[in-house]
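Have a look at the structure below before the remarks.
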Amino acid sequence: MIAQRFLLYLEMNDGRFTLKREGEAWVQEFSSLLDALQYARDMADSTDSRLTVIDEAGRTVIETFV
Numbered sequence: 206m207i208a209q210r211f212l213l214y215l216e217m218n219d220g221r222f223t224l225k226r227e228g229e230a231w232v233q234e235f236s237s238l239l240d241a242l243q244y245a246r247d248m249a250d251s252t253d254s255r256l257t258v259i260d261e262a263g264r265t266v267i268e269t270f271v
C-alpha cells in the first residue's frame with residue numbers, strides 16, 4: 206500500500222492554508238495553521254501518511270509524517 210501524502214500550501218499574505226490530498230481533487234482551506242494540521246492528522250489513514258508543507262513560491266518548507 207502506498208502511503209497517503211498531504212500537501213499544505215502556506216499563503217501567509219492572505220492568512221490562508223490550503224490542504225490537499227495528493228492524487229485527489231479534494232481541497233480544504235483553513236484560516237489557522239493548527240486547524241489545518243489537526244485536520245490532516247484526523248484524515249490520515251495511517252502513521253505513514255506524509256505531509257509536505259509548501260510556501261508561496263512553491264518551495265518545499267518541510268516534509269514530515271502526520
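All the letters of the sequence shown, read from the start, carry residue numbers 206 to 271 under our numbering. Virtual Cβ for every residue (Gly too), placed ideally from N, Cα, C. What you are looking at is a predicted structure, and each value in this text was computed from that prediction instead of being measured.
Cβ neighbours of Y214 within its own chain (closer than 6 Å, five residues either side excluded): T223 and I259. The beta carbon of M217 is closer than 7 Å to those of E261 in its chain, skipping five residues each way along the sequence. Counted as a single uninterrupted DSSP element, the beta strand (DSSP E) harbouring R226 occupies residues R221 to R226. Excluding sequence positions up to five before and after T252, its CB lies within less than 7 Å of the CB of F270, all in the same chain and listed in chain order. Taking a 10 Å sphere around the C-beta of Q209, we find 16 or more other C-beta atoms and assign the residue as buried.
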